[in-house]
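Residue numbers (our numbering): 136 to 602. We put the beta carbon where it would ideally sit given N, CA and C, even for glycine. Report on one structure; see the data block that follows.
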Ligand SMILES: [Fe+2]
């Protein structure tokens with residue numbers, strides 16, 4: 136292993152099911168329910184690392200908090216890719232970066248296999264495992280058994296891994312990008328089990344886009360100029376990742392799509408930047424406000440993701456926590472950054488504030504003076520006062536996405552626990568940590584040590600226990 140954090144990318148071959156008995160501190164009685172997380176669980180086959188972190192097979196962790204303590208279970212999503220490659224013991228399908236053998240001949244006209252490795256969302260009684268390039272995979276939330284691909288009667292093709300739920304109406308919004316002769320962004324609304332396809336938007340050129348913002352009126356996209364070369368990919372000359380290129384001379388397009396499906400989308404051009412993730416966004420006084428982890432371009436992050444386990448994860452060129460304020464009358468865009476350190480990623484908020492003016496966000500980052508390495512800190516920013524509080528898990532801890540869990544419905548915005556999974560590079564185990572959202576820098580409320588590591592997960596949700 137090249138770096139202390141590298142071991143956290145290693146495959147977890149086993150599926151576990153046990154009560155966690157190594158817990159420091161106390162799980163608050165208000166924290167009852169289940170944390171689900173998805174991420175690449177298998178990152179190699181036959182002793183060879185996959186070409187890209189996003190190639191890994193989706194593995195769900197289920198962490199249940201109940202009156203008896205904490206229970207852990209993990210299962211792989213039994214996708215076609217997972218089953219085929221487990222059986223063969225080698226690469227069978229194309230992926231985001233991985234290629235089949237035999238060069239272009241073995242890859243031409245084949246789509247990347249759905250590895251269902253990015254996030255999860257509850258839909259009725261089912262857990263949907265999400266992947267950006269294709270439809271979700273339905274799972275039983277109790278057992279994590281795979282039920283199969285869910286394309287809502289053939290309506291769905293691509294369905295991104297960052298759906299947003301309106302906290303007032305319960306409607307879930309999402310989108311998918313389909314590449315073809317034209318590149319199309321299709322918005323979706325899922326309301327009480329019924330999926331509606333909103334009018335598709337033809338994009339001026341093929342771009343990769345991962346996340347969006349839901350406001351009271353719009354679905355908002357920031358389409359940075361990370362272009363896909365579809366022909367190189369289609370002919371098998373390049374992987375999807377290899378067919379991506381940054382065209383910094385083009386603008387980032389801020390696209391406002393009416394969420395009721397009525398009216399034309401609006402496009403505002405601004406200087407080129409890239410983001411994977413938004414914390415949130417909202418509209419107020421004629422302005423659109425977007426909070427995001429903003430990269431100056433795709434070069435640094437693209438390279439780090441490609442080299443994931445061996446990458447130095449240089450902080451130069453990584454993201455800053457940034458607020459964009461777009462004047463919807465003039466189209467003028469103002470930018471403000473916040474002092475949450477370097478390598479900002481996985482911003483999140485109290486989900487009850489989705490699409491509304493939020494005061495707080497939580498984000499993984501590194502101290503400003505650190506020049507490399509995966510994130511070791513969780514920070515909280517107060518957008519009203521500008522105050523930043525941080526919890527540093529160094530020197531051995533490497534963090535992922537902070538997830539805010541409210542203590543009670545209707546409580547104050549920051550009344551709750553921030554859950555984070557931390558890879559401890561000393562004993563190579565993963566810890567489930569609860570921080571007090573109002574006192575982030577304090578000693579954790581609890582630290583629960585798993586018996587093994589969980590390969591760095593990407594995204595998750597918390598499902599409260601039924602009252
Ligand atoms: Fe994501």
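If we call anything under 7 Å between Cβ atoms a contact, is residue i one with residue j?
{"i": "residue 266", "j": "residue 249", "result": "yes"}
{"i": "residue 172", "j": "residue 196", "result": "yes"}
{"i": "residue 306", "j": "residue 326", "result": "yes"}
{"i": "residue 531", "j": "residue 500", "result": "no"}
{"i": "residue 557", "j": "residue 528", "result": "yes"}
{"i": "residue 423", "j": "residue 392", "result": "no"}
{"i": "residue 328", "j": "residue 259", "result": "yes"}
{"i": "residue 216", "j": "residue 150", "result": "no"}
{"i": "residue 431", "j": "residue 147", "result": "no"}
{"i": "residue 294", "j": "residue 311", "result": "yes"}
{"i": "residue 298", "j": "residue 348", "result": "no"}
{"i": "residue 376", "j": "residue 587", "result": "no"}
{"i": "residue 254", "j": "residue 272", "result": "no"}
{"i": "residue 506", "j": "residue 450", "result": "yes"}
{"i": "residue 475", "j": "residue 523", "result": "yes"}
{"i": "residue 413", "j": "residue 346", "result": "yes"}
{"i": "residue 144", "j": "residue 443", "result": "yes"}
Which residues bound the alpha helix (DSSP H) around residue i?
{"i": "residue 368", "result": "365-369"}
{"i": "residue 215", "result": "215-223"}
{"i": "residue 237", "result": "Note, residue 237: premise wrong, no alpha helix (DSSP H); not H, not E."}
Where residue i and residue j are concerned, what is the direct C-alpha to C-alpha distance, given to the nearest angstrom?
{"i": "residue 204", "j": "residue 583", "result": "10 Å"}
{"i": "residue 335", "j": "residue 350", "result": "19 Å"}
{"i": "residue 191", "j": "residue 222", "result": "16 Å"}
{"i": "residue 154", "j": "residue 207", "result": "6 Å"}
{"i": "residue 77", "j": "residue 275", "result": "No answer is possible for residue 77: it lies beyond the span of the chain, which begins at 136 and ends at 602."}
{"i": "residue 509", "j": "residue 448", "result": "6 Å"}
{"i": "residue 553", "j": "residue 512", "result": "13 Å"}
{"i": "residue 421", "j": "residue 467", "result": "12 Å"}
{"i": "residue 389", "j": "residue 457", "result": "15 Å"}
{"i": "residue 541", "j": "residue 548", "result": "8 Å"}
{"i": "residue 280", "j": "residue 198", "result": "15 Å"}
{"i": "residue 408", "j": "residue 183", "result": "33 Å"}
{"i": "residue 537", "j": "residue 593", "result": "10 Å"}
{"i": "residue 301", "j": "residue 356", "result": "17 Å"}
{"i": "residue 568", "j": "residue 369", "result": "43 Å"}
{"i": "residue 564", "j": "residue 555", "result": "14 Å"}
{"i": "residue 428", "j": "residue 160", "result": "32 Å"}
{"i": "residue 366", "j": "residue 245", "result": "12 Å"}
{"i": "residue 323", "j": "residue 404", "result": "24 Å"}
How is the beta strand (DSSP E) around residue i delimited, first residue to last?
{"i": "residue 435", "result": "That residue, residue 435, is in no beta strand (DSSP E); its alpha helix (DSSP H) goes 434-441."}
{"i": "residue 201", "result": "192-201"}
{"i": "residue 484", "result": "First-last for residue 484: undefined, no H or E at that position."}
{"i": "residue 523", "result": "523-527"}
{"i": "residue 161", "result": "No beta strand (DSSP E) holds residue 161; DSSP gives it neither H nor E."}
{"i": "residue 455", "result": "455-462"}
{"i": "residue 499", "result": "495-501"}
{"i": "residue 470", "result": "468-472"}
{"i": "residue 168", "result": "168-177"}
{"i": "residue 246", "result": "Here residue 246 belongs to no beta strand (DSSP E), and DSSP marks it neither H nor E."}
Are the C-beta of residue i and some C-beta of chain D separated by less than 7 Å?
{"i": "residue 482", "result": "Absent here is chain D; the protein component of the structure consists of one chain."}
Tell me whether residue i is buried or exposed, calling it buried when 16 or more other Cβ atoms sit within 10 Å of its Cβ.
{"i": "residue 353", "result": "buried"}
{"i": "residue 545", "result": "exposed"}
{"i": "residue 341", "result": "buried"}
{"i": "residue 572", "result": "buried"}
{"i": "residue 84", "result": "This structure leaves residue 84 out entirely; the chain is present only between 136 and 602."}
{"i": "residue 231", "result": "buried"}
{"i": "residue 181", "result": "exposed"}
Got a list of residues with beta-carbon closer than 7 Å to any non-hydrogen atom of ligand 1, in chain order?
The answer, residue by residue, is 253, 254, 296, 297, 345, 346, 411, 412, 593, 594.
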